[in-house]
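Using full-length UniProt numbering, you'd call the opening residue of the sequence shown number 1 and step up by one each time. Here a beta-carbon is modelled for each residue, glycine too, at the ideal position from N, C-alpha and C. The structure presented is a predicted model; accordingly, all values stated were derived computationally and were not measured.
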Amino acid sequence: MDFAKKVLEKSDNTDGIQVTTMPSLRSENALRSAKESENLSNELEEEKKKVSQVQQTLEENRKRLILLKTQRPVERIEEKEIMQYYREPRLETELTTMKSQADKVNKEREGTQAEIITLNKRLVILEEQRKNIKPQLLTKEVTEIEKDPVLESQSQSLTKEIKQLKDENNSISVEIESLKKQLLMLEQKQPNIKERVVLKEVVKLERDPEMVKSARTLQLQIDDETFKRKSLQENILKLRTRIEELEKLIESVEPKVIVKEVKKIEQDPEILKEAARLRTLIEEERSKFVVVTREMTEIQSKYMVVQKQKPKIEIKEIVNEVFVVEPETEKEIARLKSVLQEVSSGKSMYEKDINTISNQLNVLKSQKPTVEYKEVVKEVVKLEKTPELLKEIERLRGQITDMESTNNKYIEQKAKLTKERDEWKIERSKVETKTVNREVVNYENDPVLIKEAERLRQELRDEAKKRREVEDVVYDLQNKYILLERRKPEERVVVQEVLLVKQDPKIKDDHFRLSRTFDEEVGNRRRLEREVQQLRSLVEEKEKMLNFQEERDKKLAAEKELRQITLRIKEIEESPPPVQEKIVMEEVVKVERDPHLEKSANSLRTELDKERSQMLNIERECKNLQMKIDILQREKSLEKTIYKEVIRVEKDKVLQNERARLRELFQKERNARQDLEDEAKRLTEKTERVDAMKKSWSKEEGDLQKTKMQAQQEKTAIENELLELRRQKQQKSVVLSKESELLSQKAENERLKKMQMGQELSLLETKILSEKDSIYEKEKNIREMQSRANLEERSQETQMRETNISTKISILDPETGKEMSPYEAYKKGIIDRSQYFQLQELECDWEEVSTMGASGEISVLLDKKSGKQYSIDDALRAKKITKEDLQRYRDGKLAISEFALLVAGETRPQPVSIGSIIAPRSPSSTSQGHGFFNQSSPKVFHDDSFPIAGVLDTTTDSKCTIKSAVGRKILDAETAQKLLEAQAATGGIVHIMSKERYSVHKAIDKGLVDSNNTKSLLSAQKAFTGVEDPVTKKRLSVGEAVQKGIMSNENALPYLVVQHLTGGLIDTKQTGRIPVSEAVEQGLVSKELAEQIQDEKQYKKDLIDPISKENINYKDAMDRCQKDPGSGLLLLKAASDSYKPAVYRPVNLIPSLTSFNY
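Right, dumping it as structure tokens:
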């Protein structure tokens, strides 16, 4: 379509051109318009027919919709899925494990209860025995029981431990009470109402929304396709009509003699004559102007001669450098402005004419064709078929065939889509719904029960931990109770009657057996506890494994289901829709509690409650036991037993019982004595240990005291040293202050002497200068007198021509960039005394005196300072100069000062100039040594020494400065800054048009550089002018500054690389460029730095190519630059994409104006 539109636009443009060129084809246009009107009427009729067809199709669709709405459903079958919960095997296994764990815990709890009951029984028995003891024997000896200090300390430690245990028990009881409260709160809470979510899909015989959406999308697609088809048909019809018209025109046009009025738009011969006349006039004016300029130059030279011939006129040469635009350039600018005004006025006239002609054309197009017949026979025009037209017709025919094929395809697609739509509608109208109820059993975990089971497990674990802790506490309390019983005070019974006491073997055996069984039971219980802990860890690991396997199985099942669902969706999408049945599946998910799970949960809850109640009972018993222990301890501390011996000589059963009791007491006493002996041994061991510890501690104390004494001694020595150092410091400071005062006085004296010397020198220099000026004036007067005399003698025969030029040297301040005289530079210390005298010698006045005599023109160069004369003819004969040098001097390419030095043949020593460093080492460098100082003459450099000077815009084929390139956004700011630094480091900022180089401050004044970037540019300029040594105040090159550590290697390397790439390194002490190898030999640069300068791989890529946007180094940028053919400067290529210049197509090409570029 776009291509056809372009072809039509081209054809319209060609038609417009033909209309402008040949307005005589109005009759043909009339025929064409008539044919076009007929075609349009035919198209209107066809469109009306199509509209009627579309209306018929719309009515048919409406009728079908009404039929679909009126139809009723035949059947409706609903299918329901009822979810029922069954026991899940995993939960059953978990319940069994939980039950087994609960049984084990119950057994352990019963064992602990049995042990507590036995201990209580034993305690009761012991208390009864203690209460039943009666003082039967009366003795005269009174035994006093005193407190044992060891036992007291132990009892205190035990009391502390008991208090700690009490605190722990209290905290446990508080936690148990809080748990009870939480349980009560949970029990009081209302049961969570769980809703059963029953999902039902009620299928109503209505429009399927998906089908409606698909129908809408299809309808929209059909509408789009119809719109496209109509647009294509319209384009095809237009093309057909166009082709038919062209074919008819070509066929109708036969090689016959047709009388037509043909109007040719040609250039007016009068205008052409006028233009030719104006050109001749312009050329004549130019020739006249050239003649006038020559006459002016001759008159000026004569005027100068006359001025010099005037007697007794003192001339004071005050050179005021005023930059004035040349009159020729002013005239040329004025002429160009006038030409521009004429061209603009002509352009406006032509634009007005074009607008009027276009308006007339539009009016003529809108008008009906007027048939005019004129019997004018002027020309015979034969219209034949051109090959271009034939090619165009063939191409359009091919396009028509392609468009017809695409149109047929679209029509076929439309027919298919309409058929599919009708089929879908028919199928949807015959939907039969059947409700089929299916019971689908899905095992789903009740989340509430799972959470409850997890919570119960956690509570079981917590309760088991607490039970273990309580059992440990009970066990510790039992042990302490036994120890306290053993540590009761001794009962010393003094009996006068000696009784033989024997142990009952049965009781002994029973006691031994019971103690052994008790120990075995304790060991078994501990072993069982360890086994229980191991089994619990195994159960937890297995539970984790089961959970992991279950999660993995779930993930696999979910992935399988996902795959099945995706496959099913794809099958459903790809498979045709069902014809007769529509089965609606309803999954009714009932989230109910499993009764077995509820029963197990309830049982676990009851067991938990029992466990808690038992725990509370155990804690109460522990408290009671502690109370009893406290009471016993108090009784021990307050009890004083006094036994009296009563002797009765009777044989009675009571005595036998008493004997048995005494035997038991004896055994107890013996056991107590053994315990005391053991305790005594233990105490002796403790005392021995304490003694050993005391000895070791005493040794350590002695060592520490010795070290302390040594440290104190060292401290005193260090303090003394510090005091001595402070004294020395004070003495040195006094000495140094005196020395500094003396040095300052000496420095001031030297400075005053220097100032006096400087003043004397300046006075002497001023006197010398004044004397030189007076000598110069006298010599000048003498020369003038001589010249006047010569002129008076040869006035009749000769003519003289003099050209006077004075060389004035100015030096740039490297810090400020300002110009100053050599004397000011010498005063500031920028140049030496020898350099100052050399520069003074260079400052001279040269005068060319040419005389016309009988022998011809004789030209002589005159040095006004020295008064010497040098003949140019003698220099040519002596081959001091060549004819080429003379021609260069005549053309103005060679300065008079340089030419005078060549003529004189003097080889003056070159001063350490700033500008002369730029020129490469060549014989011509001697003649350009003071070019940088000359304010009036421009700087001349070799092309190889120039860095990248500007930017070349490839789109507009124009060169521009770096600043303007940044303003036009052709070049980025960082790259521009680096390029300007390179220019400053190699001799100054380059002006593209004049090829002159300026210092940074002058470049700012000229508008070549922004004032924002002066710091970096001034530091780069120091690489060219030299870096000042802060000690010696001498100017050093960059390499020397790096060696002395004044400048860092990183800062200096870019400047040295740029100097190396543009011709060689710069030495401030001599002229020209130096290669890197010579610089290494002279000691200007170290070998390592020279290797870095010459290694091109290590060059820093800190520039961005404006075209490819690559990071490149300075060498790559120079390689990518293009040399300006006029000036020979390197220009970096760039492209301004956004900048598109206007293209002007002049109607009448005037040869004199085509040479100017607008």
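For the segment 1097-1114 against the segment 961-981, are there 3 or more C-beta pairs whose distance is under 8 Å?
yes
Please classify Gly1083: does DSSP put it in a helix, a strand, or coil?
coil
So if DSSP puts Ser871 in a beta bridge, which residue, or which two residues, is it bridged to?
Val860
For the alpha helix (DSSP H) containing Lys1100, list its first residue and its last residue.
Here Lys1100 belongs to no alpha helix (DSSP H), and DSSP marks it neither H nor E.
Per-residue DSSP class, three states only, for Glu677
helix
Identify whether Ser733 lies in helix, strand or coil by the three-state DSSP scheme.
helix
With H, G and I counted as helix, E and B as strand and the rest as coil, what does DSSP make of Ala558?
helix
With distances taken between CB atoms, is the gap from Ile243 to Arg397 smaller than 8 Å?
yes
Can the beta-carbon of Gln1059 be found closer than 8 Å to that of Thr986?
yes
Beta carbon proximity, Lys1015 to chain B, threshold 8 Å:
Absence of chain B from the displayed structure is noted, only one protein chain being present.
Here's the rule I'm using: 16 or more other beta-carbon atoms within 10 Å means buried, otherwise exposed. How should Pro1125 be labelled?
exposed
Alpha carbon of Ser33 to alpha carbon of Asn362, nearest angstrom:
14 Å
Please classify Val591: does DSSP put it in a helix, a strand, or coil?
With a pLDDT of only 44 at Val591, under 50, the local geometry of the prediction cannot be trusted, and the value read off the model is given with reservation. Coil at Val591, not helix or strand.
When you compare only the Cα positions, how much space is there between Leu683 and Ser153?
13 Å
Assumed close pair Ile1107, Ala1090 - CB separation to whole angstroms, cut-off 8 Å:
At roughly 33 Å, the Cβ-Cβ gap does not stay under 8 Å, so Ile1107 and Ala1090 are not in contact.
For Asn1113, is the classification buried or exposed, using 16 other Cβ atoms within 10 angstroms of its Cβ as the cut-off for buried?
buried
Indicate the three-state DSSP secondary structure (helix, strand or coil) for Ser780 in the structure shown.
What sits at residue 780 in the sequence shown is Lys, not Ser. The answer is helix: DSSP assigns Lys780 an H, G or I state.
Of the listed residues Asn1012, Lys1069, Leu1018, Ser994, nearest to Val1000 (C-alpha basis)
Leu1018
Quick check: what's the CA-CA separation for Glu294 versus Ser338?
Correcting the residue identity first, residue 294 is Arg in this sequence and not Glu. Whole-angstrom Cα-Cα distance: 25 Å.
So if DSSP puts Val951 in a beta bridge, which residue, or which two residues, is it bridged to?
Cys960, Leu1132
DSSP beta-bridge partners of Tyr998:
Ile989
Helix, strand or coil at Asn120 according to DSSP, with G and I counted as helix:
helix
Can you list, in chain order, the residues of its chain whose CB lies under 6 Å from that of Ile176, leaving out five sequence neighbours each side?
none
Could you check whether Ile881 and Leu861 sit closer than 8 Å to each other, using their CB atoms as the reference points?
no
For Met820, which of helix, strand or coil comes out of DSSP?
strand
Would the C-beta of Lys544 count as close to the ligand HEM, meaning under 7 Å from any of its heavy atoms?
Absence of the ligand HEM from the depicted structure is noted, as is the absence of any ligand whatsoever, leaving it without description.
Using DSSP with H/G/I as helix, E/B as strand and the rest coil, what is Arg968?
coil
For Asn106, does the three-state DSSP call read helix, strand or coil?
helix
With a CB to CB cut of under 8 Å and the five nearest residues on each side skipped, what residues in its chain are close to Lys107?
none
Determine the direct distance from the alpha carbon of Arg468 to that of Ala662, and round the result to whole angstroms.
The sequence given here places Leu at residue 662; Ala does not occur at that position. Approximately 42 Å between the Cα atoms of the pair.
Apply the 10 Å Cβ neighbour rule to Lys778 and answer buried if 16 or more other Cβ atoms are within range, or exposed otherwise.
exposed
For Ala680, tell me which candidate among Met755, Leu44, Val150 has the shortest Cα-Cα distance.
Val150
Assuming Lys963 contacts Asp1010 under a Cβ cut-off of 8 Å, what Cβ separation, rounded to an integer in Å, is found between them?
7 Å
My understanding is that Val1042 touches Ile1093, with C-beta atoms under 8 Å, so please give their C-beta distance in whole angstroms.
That pair is no contact at about 11 Å.
At least three beta-carbon pairs within less than 8 Å, the segment 156-167 to the segment 609-618:
no
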